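So the structure is just underneath, and the comments pick up after that.
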Amino acid sequence: MSTPPPRQGTRPVAIVACAQSKSERRIEQANEVELLMPVVTEVYANAGMTKDDVDFICSGSTDYLIGGPFSFVTALDAVGVWPPKAESHVEMDGAWALYEAWVTLQEEGKDVALVYGFGKSSLGDLSRILALQLDPYTMAPMWPDQVSLAALQAQAMIDQGLATEEDFARIASRARHNALSNPNAQVANEKTMEELMKDDYAVAPLRRHTLPPLSDGAAAIILVAGDRAYDVVDRPAWITGIDHRVDAHAFGARNLAESRSTTKAAENAGVSAGPVDIAELHAPFAHQEILLRRAMGLNESTVINPSGGPLAANPLMAGGLIRFIEAANRIMDGSANRAVAHATSGPVLQQNLVAVLEGAS
Amino acid sequence: MNQRCAVIGVGQTHHKSKREDVSIAGLVREAAVAALEDAGLDFSDIDAVVVGKAPDMFEGIMMPELYLAGALGAVGKPMFRVHTAGSVGGSTAIVAAHLVANGIHKRVLTVAFEKQSDSDAMWALSVPQPFSAPLLAGAGGYFAPIIRSYINKSGAPNNVGMKVAVKDRLHALKNPYAHLHLPDIDLKMVEESVMLWDPLHYLESCPSSDGAAAMVLSSEDVAVAQEKTTGRPAAWIHGMAMRSEPTMFAGRNLMNPQAGRDCAKDVFAQAGITKPRQELDCAEVYVPFSWYEPMWLENLGFAEENEGWKLTDSGATSLDGGDIPWNCSGGVLSSNPIGASGMLRFLESALQVRNMAGDHQVPDAHKALGHAYGGGSQFFSMWVVGSDKPE
Amino acid sequence: MAAEETAQGPVTMLSTPIRLDYNFTAGVAQSKSLRGYAEGRFIGQRCPVCKKVYVPSRGSCPKDAVATTEEVVLPNTATVTTFCVVNVPFAGQSIEIPYITASILLDGADITFMGLIQGIAPEDVEMGLRVEAVWVPKEELGPTLASVKYFQPTGEPNREVSTFAEHL
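Residue numbers (our numbering), protein chains in the order written: chain A, 261 to 621; chain B, 768 to 1158; chain C, 2 to 169.
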């Protein structure tokens, strides 16, 4: 096997095992620990490992989803940090936890990491909760909801001639179709673009089908550094490029119809250095897929969101990590050679992470 | 660590109960600009920004780093947000240092803050959760019973905690950035303060502060170049580690958690230290309640079990004549911008080995420990810095 | 929202009241404990690996990371392992200060939880004090730990601290 060389760092790191819960509108039977534990148990089983094999643990979650401080603390009860482990947490999507784990595994002697993300959107009113992400002095006091902000972005794209409402519907139609083959998806059906165009507007120009579902869910990944990855799986999904960038927060300070942070992250991750078979884009709103695709320079030969993407299942704080899982699974099963995984955070795509995953030739 | 990593610039705010003169953005920028000036660099020189703070509910802003991207010069760069409870200031520094030590970036700005006056941390820590009895009264309500257990087990005299409270406030008088400046502090004053969480007096507890801390971490080549440019020495990281254990489990040692012992063992092994009391010149250790000094003296291996209080009692941890001064800056007992409190420990340890700590400098300090802990004392982060490059 | 502004000085405060409503998920394991409270009894769970009894159980053994499934009904009697006297007022507080919060070790349990102690002067409470749960009247019982009004001394002699040292 010839492991593809990484663009960042010095030590190749691969995704070798994944697990995710089925995304559901409301998982009432399980608290965070009970939601996470089967997923963590499954990812260990998929890797043929136990908690004792892990050198580092990192998770992504946010307190405001649950409405109490330290939501990540109780979640640790699902993981078994005993004997004590090197462990960290980011108040970001699990994809950034994966980034921290990838950095940690650059060090010799740190070979295996567990990464997970979880979130239940069903506990509170997400449109109000996410308003608290905005500038606390000038924006949050007006409680703008995330759908309205996304609509501003979609309108900017239409105004700049970058997309039409039909384009949005076409994307939603394809996402739902693709989701039919994804057992973890929440929204899966056959509806044509024309049928979807009959939907009401949620906030014009966004019709209902352009919005992500509200989801509860969790996801976990095992990363392994170096050749040890081949002990776990025949075809590890090597992270050959990874980078993340943030844009300005104030909407007036950036062109909402583009994503400079995505472009820069994609350049650094080396997206254009070879053909991209599939891309899993964390585009919660349909129009954002067009925007991200342009920002990364992905052409028509790339299959976008074969899993259905966030329009089919969107558990907050795990949604980005699930993009890594869906991309990695397609490398590991041999159906793709080179894939892109993308994650976003913050209002209207403020922060973006892009990675290239490759199988060994 | 694959490569050497150094602290080349530090900055902190004046910590106060209310910094009404600045917004949150103004607060973090004050620390960041000071750190960059110390390093002889500009925002444009920075490759990545790593932000840390304790629960978002402390200010009422979800992921405030998103709104702070501009104020921290992070636009167009990688920006990262760490949250590991009270240890966050320390773990944020470690996450930032890994970016350099593992060869991803050359110059990383790391910032931690809390603006407690913008909301109510005591409320945020004790949010009434359904189905449970509303008994916990902030962090003190959690830690005071553990302190009682320690006093009982170790046989320490009741006034050792009060001695820590006095010592750290005397230290704070030498630190212009400290929140609490109590020139008349003495045992009597502590003893006469309200008993908030018996056995803890008001003056044995940390204050609520607004404040921020920032550091510039760099690779060896940048550090050597900036030392020449600024004429100010770098602090070299000799070891760093994090450890966590579950909040509660049957048989958990709450007074002397295994995660703390393991973390110290790891960081000292990396730094080649076998006798911390002898080989370190000073330590900045997260002591938010007085009795955590003797407890952590044992946990970190500066004293045998049940003997930590004897070091405190004998004055060994005092800047005034002690052989292993702890918290020369005044520590968390004198300034507690929660999210930044851990980073301040790391930052102060770097100041000491750079010999830039001013009036609270330990003469000729060469090696120092920075320590933070959080949650129900289950999260630990530590580093050892030195004035010389590690081997 | 209220902002105060003078012609000369800067705005230094802007108040934004935040109200968010949440539906808390108790989960399967915790629901069992909560239903127990509604019946006036403590229900814990045993870890299948280390055999320790957790009460209330959150559904897993935090040490072994396995689901806890075996139910254990625990008695009303307990030991105060350690405690503090709370004398600090704070927003959202619902009990009059000063009050004693104690780490309560139910007989047969391997983990403590926080409980309120009444029926004894604060200065008389010691580590090892034997106590029993006093439940609210039957008609007021509900799926909440608030169904336990408080713990009060049983009158038995205190337990030696060395007999429960592993729970400190």
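All residues carry an ideal CB built from backbone N, CA and C; glycine is no exception. Predicted model only: the values in this text are computed from it and were never measured.
Item	Value
Are the CB atoms of E549(A) and I431(A) within a distance shorter than 7 Å?	yes
At least one CB of chain C closer than 7 Å to the CB of M962(B): is that the case?	yes
Given a cut-off of 7 Å on the beta-carbon distance, is the pair I499(A) and A277(A) in contact?	no
Under 7 Å Cβ to Cβ from G606(A), same chain only, skipping five residues before and after it: list those, please.	Q393
How is Y1140(B) classed by DSSP in three states: helix, strand or coil?	strand
For a contact defined as C-beta to C-beta under 8 Å, what are the partners of F84(C) on chain B?	P912, R915
Since D22(C) meets chain B, which of its residues come closer than 8 Å, beta carbon to beta carbon?	The contacting residues do not exist; D22(C) stays about 12 Å from chain B at best.
The beta strand (DSSP E) that contains C772(B), what's its start and end?	772–779
Indicate whether the contact test is met: 3 or more Cβ pairs, each with one atom in the segment 25–34 of chain C and one in the segment 386–402 of chain A, closer than 8 Å.	no
Measuring CA to CA, which of K1042(B), P1092(B), L1086(B), L1047(B) is closest to E1071(B)?	K1042(B)
Among V849(B), S921(B), W1058(B), D805(B), which has the Cα closest to the Cα of T997(B)?	D805(B)
How about A274(A) and A489(A): do their beta carbons lie closer than 7 Å?	yes
What does the Cβ neighbour count give for N438(A), buried or exposed, with the cut at 16 atoms within 10 Å?	buried
Can you grab the Cα-Cα spacing for the pair A3(C) / W403(A), in whole Å?	Because the pLDDT of A3(C) is 46, which lies under 50, any placement of that residue in the model is unreliable, and the number read from its coordinates should be weighed accordingly. Cα-Cα distance, rounded: 15 Å.
Between L169(C) and chain B, is the shortest Cβ-Cβ distance under 7 Å, so that the two count as touching?	yes
In angstroms, rounded to a whole number, what distance separates the CA positions of A1107(B) and V73(C)?	43 Å
7 Å is my cut-off, CB to CB: does P1013(B) come that close to chain C?	yes
Is the shortest distance between the beta-carbon of E292(A) and the beta-carbons of chain B less than 7 Å?	no
From the DSSP output, which residues share a beta bridge with W498(A)?	A274(A), E618(A)
Since G1141(B) meets chain C, which of its residues come closer than 7 Å, beta carbon to beta carbon?	None at all; the shortest Cβ gap to chain C is about 17 Å.
Any C-beta of chain C sitting closer than 7 Å to the C-beta of D313(A)?	no
Using Cβ-Cβ distances below 7 Å, what residues of the segment 42–65 of chain C are close to chain E?	The structure shown contains no chain E; its protein chains are A, B and C.
So K882(B) and E826(B) are supposed to be a Cβ contact under 8 Å. How far apart are they, rounded?	6 Å
My guess is that A517(A) and Q413(A) are in contact by the Cβ rule of under 8 Å, so how many angstroms apart are they, rounded?	7 Å
Helix, strand or coil, according to DSSP, for E549(A) in the structure here?	helix
For W1150(B), which option in C1030(B), G922(B), K1077(B) has the closest C-alpha, if you only look at C-alpha atoms?	C1030(B)
Name the one or two DSSP bridge partners that M768(B) has.	Per DSSP, none; premise fails for M768(B).
Given a cut-off of 7 Å on the beta-carbon distance, is the pair E351(A) and T322(A) in contact?	yes
Going by beta-carbon coordinates alone, are L541(A) and A479(A) separated by less than 7 Å?	no
Relative to the C-alpha of R271(A), which candidate in F428(A), T301(A), V363(A) has its C-alpha closest?	V363(A)
Can you pull the DSSP bridge partners for Q280(A)?	A479(A)
So which residues on chain B does D108(C) lean against when the C-beta distance must stay under 7 Å?	Correct list: empty, because the minimum Cβ distance to chain B is about 15 Å.
Under 7 Å, CB to CB, which of the residues in the segment 830–853 of chain B have a partner in chain A?	M830, L833, Y834, A836, G837, A841, V842, G843, K844, P845, M846, F847, R848, V849, H850, T851, A852
Does the ligand MG have a heavy atom nearer than 6 Å to the CB of G269(A)?	Among the ligands in the structure shown, none appear at all, so the ligand MG cannot be discussed.
Tell me, which residues are paired with D965(B) by DSSP?	V86(C)
Taking 7 Å as the CB-CB limit, is S1108(B) close to chain A?	no
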